[in-house]
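Novice: Sequential numbering from 1 applies to the sequence shown in the UniProt record's numbering.
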Amino acid sequence: MSTRLFDQLHEADPARGLTGYDETYLRAAAREISSGVTCGDAVRRPRRTLPRRLAILTPVAAVVAAALVVAPAMIARPSASADAVEILHRAAEQVVAVDPLADPGDWWEVTTSGTTLGIIDLPSGRVAILESRDSTAFHAADGSRPSYFVDRPTRLVRQLAGAPVTLTELAGWLGDTTDGWTSDLAPQDAPGTWQTPNPAFLAALPRETSALRERLYRDSAGGGSSADGQAFTFVADLLTSGVVPADLRSALYRVLATIPGVEVTAHTAEVGPASGVAFGRYESNDGMRSELVIDPATGDLLGERDIATRDQDGIAAGTVIGESTVTRSLVSSVPADVVEEAQVWDCDVAPDGSTVCTP
Numbered sequence: 001m002s003t004r005l006f007d008q009l010h011e012a013d014p015a016r017g018l019t020g021y022d023e024t025y026l027r028a029a030a031r032e033i034s035s036g037v038t039c040g041d042a043v044r045r046p047r048r049t050l051p052r053r054l055a056i057l058t059p060v061a062a063v064v065a066a067a068l069v070v071a072p073a074m075i076a077r078p079s080a081s082a083d084a085v086e087i088l089h090r091a092a093e094q095v096v097a098v099d100p101l102a103d104p105g106d107w108w109e110v111t112t113s114g115t116t117l118g119i120i121d122l123p124s125g126r127v128a129i130l131e132s133r134d135s136t137a138f139h140a141a142d143g144s145r146p147s148y149f150v151d152r153p154t155r156l157v158r159q160l161a162g163a164p165v166t167l168t169e170l171a172g173w174l175g176d177t178t179d180g181w182t183s184d185l186a187p188q189d190a191p192g193t194w195q196t197p198n199p200a201f202l203a204a205l206p207r208e209t210s211a212l213r214e215r216l217y218r219d220s221a222g223g224g225s226s227a228d229g230q231a232f233t234f235v236a237d238l239l240t241s242g243v244v245p246a247d248l249r250s251a252l253y254r255v256l257a258t259i260p261g262v263e264v265t266a267h268t269a270e271v272g273p274a275s276g277v278a279f280g281r282y283e284s285n286d287g288m289r290s291e292l293v294i295d296p297a298t299g300d301l302l303g304e305r306d307i308a309t310r311d312q313d314g315i316a317a318g319t320v321i322g323e324s325t326v327t328r329s330l331v332s333s334v335p336a337d338v339v340e341e342a343q344v345w346d347c348d349v350a351p352d353g354s355t356v357c358t359p
């Protein structure tokens with residue numbers, strides 16, 4: 001089925017104008033709620049780009065966006081395309097890296113870098129920009145201590161559409177502070193999910209392909225408008241968490257090869273400083289398609305990116321409207337300044353398994 005047909009179906013969707021919230025909007029809203037200060041009329045809720053994670057804060061049902069606009073019955077293939085299957089299996093076989101052995105007191109330092117799309121209504125008109133997003137998370141290797149998070153200032157990477165805009169006009173949009181926070185709840189004290197995994201959750205996931213696939217579809221059931229699209233989203237969320245061990249990453253690649261509709265969307269796709277093969281589903285979610293970029297020669301997950309699937313807001317179809325790379329390293333401690341400057345959020349696990357936190 002062509003991308004154009006998916007777009008036509010999307011245009012007929014009465015909910016097509018609904019968008020998710022990206023991290024900048026959520027941060028601004030939190031400041032507004034807590035301080036009573038608004039960001040002004042210049043800032044408009046942006047379109048959803050790459051997924052955002054608030055570690056142990058959010059239940060699965062709240063963080064998974066509707067990934068597709070087409071019912072699963074419209075996809076006849078029983079698995080991914082032959083090209084995707086071959087490359088994903090090759091990548092799975094190349095995942096031979098041995099995860100470093102972590103001592104009980106060690107931490108995983110996970111760094112996320114990339115860009116995200118902002119659609120802003122200014123007095124001079126609507127503009128589209130790519131802004132930077134750089135953050136670091138510190139997760140206790142054994143899940144026994146609360147995580148720490150640092151969000152760094154954002155900057156204008158480039159303007160994609162609209163009349164030329166100045167940094168002064170974007171002052172209410174771009175963040176100019178470094179924000180750090182933690183919680184009073186350790187990952188092991190909250191249910192692990194595909195979006196917010198903890199060590200126990202990762203250890204419990206099957207490594208055998210059919211068993212892992214069955215678990216994936218069971219956990220992702222009932223979300224979005226397509227079982228296959230939701231399964232792809234769950235795999236992407238877990239892979240980009242930065243804490244997936246090598247054997248599970250290999251198993252997830254094999255499961256991706258069984259998801260109907262998964263295609264090689266680009267044999268050469270750049271994300272950050274590297275390039276690899278992009279995998280996605282030819283479906284449009286509010287005018288965009290999310291992709292995973294993998295190096296088949298090493299089995300490394302290079303990152304993820306969002307692609308515009310139609311001309312919209314002055315952005316041409318095929319434009320990269322967001323990308324993210326995730327790297328991790330094992331460290332012995334969290335930097336002292338991160339610990340000292342982190343705001344502590346009060347978190348509680350609700351009866352339904354969700355975790356509710358307040359500053």
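We put the CB at the ideal spot given by N, CA and C, even for glycine.
Report the rounded CA-to-CA distance for Pro104 versus Gly314, giving the unit in angstroms.
Specialist: Between Pro104 and Gly314, the C-alpha separation is close to 51 angstroms.
Novice: Going by DSSP in three states, Glu169 sits in which element: helix, strand or coil?
Specialist: Glu169: coil per DSSP, three-state reduction.
Novice: Would you mind working out which of Gly125, Tyr253 and His139 sits nearest Phe232, comparing C-alpha positions?
Specialist: Per the Cα distances, Tyr253.
Novice: If I measure Cβ to Cβ from Gly242 and keep anything under 6 angstroms in the same chain, skipping five residues before and after, which residues do I get?
Specialist: Taken in chain order, the residues that qualify are Val110, Val326 and Arg328.
Novice: Return the bridge partner residues of Asp134 from the DSSP annotation.
Specialist: BP columns for Asp134 point to Ser113.
Novice: List the endpoints of the continuous beta strand (DSSP E) containing Arg328.
Specialist: Val320 to Val331 is the span of the beta strand (DSSP E), which, as asked, contains Arg328.
Novice: Mark Thr268 as exposed unless 16 or more other C-beta atoms lie within 10 angstroms of its C-beta, in which case mark it buried.
Specialist: Exposed, by the Cβ-count rule.
Novice: Kindly indicate the opening and closing residues of the alpha helix (DSSP H) around Leu239.
Specialist: Its alpha helix (DSSP H) spans residues Ala227 to Leu239.
Novice: For Ser332, count the other beta carbons within 10 Å of its own beta carbon; 16 or more makes it buried, fewer makes it exposed. Which is it?
Specialist: So Ser332 ends up on the exposed side.
Novice: From Ala161 to Thr178, what does the alpha carbon distance come to, in whole angstroms?
Specialist: So the alpha carbons of these two residues sit roughly 28 angstroms apart.
Novice: Report all residues from its chain with a CB closer than 8 angstroms to the CB of Gly125; omit the five preceding and five following residues, and keep chain order.
Specialist: Result list for Gly125: Gly162 and Ala163, in chain order.
Novice: Sort out for me which residues DSSP pairs Ser290 with in a bridge.
Specialist: The partner list for Ser290 (beta bridge, DSSP) reads Asp306.
Novice: Starting from Ala161, follow the beta strand (DSSP E) in both directions and report where the run begins and ends.
Specialist: First-last of the beta strand (DSSP E) with Ala161: Leu156 to Ala161.
Novice: Report the CB separation of Arg207 from Ala251 in whole angstroms; it is logged as a contact under 8 angstroms.
Specialist: Sure, about 5 angstroms apart at Cβ, within 8 angstroms.
Novice: Around the C-beta of Thr24, are 16 or more other C-beta atoms found within 10 angstroms, so that it is buried, or is it exposed?
Specialist: Here Thr24 scores only 37 on pLDDT, less than 50, and its place in the model should not be relied on; the value that follows carries that caveat. Buried, by the Cβ-count rule.
Novice: Using a threshold of 9 angstroms, state whether the C-beta atoms of Cys93 and Gly299 are closer than that.
Specialist: Reading off the sequence shown, one finds Glu at residue 93, where the question assumed Cys. Contact: yes.
Novice: Give me the Cα-Cα distance between Asp189 and Cys347, rounded to the nearest whole angstrom.
Specialist: Distance between the alpha carbons of Asp189 and Cys347 is about 10 angstroms.
Novice: Quick one, are the C-beta atoms of Gly224 and Ala80 less than 9 angstroms apart?
Specialist: It is not a contact, given that the beta carbons lie outside the stated cut-off.
Novice: Any Cβ of chain D within less than 9 angstroms of the Cβ of Ala128?
Specialist: In the structure shown, chain D does not exist; there is a single protein chain.
Novice: Taking Val344 as the reference, give the member of Tyr148, Gly287 and Gly229 with the closest Cα.
Specialist: The option with the nearest alpha carbon to Val344 is Tyr148.
Novice: So, for Leu330: in the same chain, excluding its five sequence neighbours on each side, which residues have a beta-carbon less than 8 angstroms away from its beta-carbon?
Specialist: Excluding residues within five positions, the ones whose Cβ falls inside 8 angstroms are Pro100, Ala102, Asp106, Trp107, Trp108, Glu109 and Ala141.
Novice: Work out the CA separation of Val95 and Asp247 for me, nearest whole Å.
Specialist: In a straight line, the C-alpha of Asp247 is about 7 angstroms away from that of Val95.
Novice: Would you tell me roughly how many angstroms separate the C-alpha atoms of Asp184 and Gly222, rounded to the nearest one?
Specialist: Whole-angstrom Cα-Cα distance: 31 angstroms.
Novice: Along the chain, where does the beta strand (DSSP E) that runs through Glu270 open and close?
Specialist: Taken as a continuous stretch (DSSP letters only), the beta strand (DSSP E) holding Glu270 covers Val262 to Val271.
Novice: So which of Val338, Leu170 and Gln230 has the shortest CA-CA distance to Trp194?
Specialist: Out of Val338, Leu170 and Gln230, Gln230 has the C-alpha closest to the C-alpha of Trp194.
Novice: Who does Asp295 pair with in a DSSP beta bridge?
Specialist: DSSP output for Asp295 lists Asp300 as bridge partner(s).
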